[in-house]
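Asker: Sharing a structure here in structure tokens format.
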Amino acid sequence: MKTDFLCPKCGGHLSVGGFVIFSATNIKGEQGLILLSPHLGDYSKIIHPSFKILVGSKVNYFCPICKVNLVAHEIHQDMVHMVMIDENSEKHNVYFSGIEGEFCTFKVSDKNIEKFGETSANYEKFFAARHI
Ligand SMILES: [Zn+2]
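Residue 0 is where the sequence shown starts when you use numbering that gives the first Met the number 0, and the numbers rise one by one after that.
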């Protein structure tokens with residue numbers, strides 16, 4: 000089984016065509032679609048050229064199915080939450096930074112936290128306080 004990503008609210012499948020798909024808004028409130036790599040730590044991103052995202056600005060990520068804002072309030076206002084089902088059918092919570100250009104992802108299981116990306120140390124304390 001391949002890795003899958005789900006909306007934590009509606010359980011809808013966000014992985015389509017080899018990407019993880021979100022609807023999003025930029026700091027001007029303009030809407031667009033964002034396609035992210037399903038490989039944690041790979042920060043390549045596909046967006047339509049008309050949807051402008053400035054490095055360092057916050058992007059709001061929404062489930063394209065139920066439209067819920069995926070912000071992880073329980074961790075940090077800049078963290079985005081999705082559910083990952085790995086190739087062994089195990090469930091993990093995945094969080095990544097909604098700040099454009101911040102390379103930071105956490106994969107959280109019951110007793111294990113894996114971090115990816117060069118700025119993940121900036122957010123580590125928010126996870127440590129919660130899970131250790
Ligand atoms: Zn949803």
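Backbone N, C-alpha and C define an ideal beta-carbon position, used for all residues, glycine too.
Output the residue ranges of the beta strand (DSSP E) runs that lie fully inside the stretch 61-116 and measure 3 residues or longer, sorted by chain position.
Answerer: Here the runs fully enclosed are 78-84, 90-96, 104-107, 112-115.
Asker: Find out if the Cβ-Cβ distance for the pair residue 54, residue 97 is shorter than 9 Å.
Answerer: Position 55 of the sequence shown, counted from the first residue, corresponds to residue 54. Position 98 of the sequence shown, counted from the first residue, corresponds to residue 97. Taking 9 Å as the Cβ cut-off, residue 54 and residue 97 do not qualify as a contacting pair.
Asker: Tell me, which residues are paired with residue 133 by DSSP?
Answerer: The structure shown does not extend to residue 133, since the chain spans only 0 to 131, so no value can be given for it.
Asker: Looking only at DSSP bridge pairs, what is residue 12 linked to?
Answerer: What you label residue 12 is simply residue 13 of the sequence shown in a count that begins at 1. 5.
Asker: Distance, Cα to Cα, residue 24 vs residue 60?
Answerer: Here residue 24 refers to the residue found at position 25 when the sequence shown is read from its first residue. Here residue 60 refers to the residue found at position 61 when the sequence shown is read from its first residue. C-alpha separation (whole angstroms): 7 Å.
Asker: Taking its Cβ as the centre, do 16 or more other Cβ atoms sit within 10 Å of residue 16, making it buried, or is it exposed?
Answerer: The residue you call residue 16 lines up with position 17 of the sequence shown. Exposed, by the Cβ-count rule.
Asker: Reducing DSSP to helix, strand and coil, say where residue 124 ends up.
Answerer: Taking the first residue of the sequence shown as 1, we reach residue 124 at position 125. Looking at residue 124 - three-state DSSP - the assignment turns out to be helix.
Asker: Kindly list the residues whose CB is nearer than 7 Å to the CB of residue 99, restricted to its own chain and excluding five residues on each side of it in sequence; keep chain order.
Answerer: Here residue 99 is taken as the residue at index 100 of the sequence shown, counted from 1. 52, 53, 54, 55, 56, 58, listed in sequence order.
Asker: Closer than 7 Å by C-beta to residue 91: which residues in its own chain qualify, once you throw out the five before and the five after it? Chain order, please.
Answerer: In the sequence shown, residue 91 corresponds to position 92, counting from 1. Only 83, 85, 106, 107, 108 meet the Cβ criterion.
Asker: In this structure, how does DSSP classify residue 51 when only helix, strand and coil are distinguished?
Answerer: As a first step, residue 51 must be located in the sequence shown, where it is residue number 52. The answer is coil: DSSP assigns residue 51 none of H, G, I, E or B.
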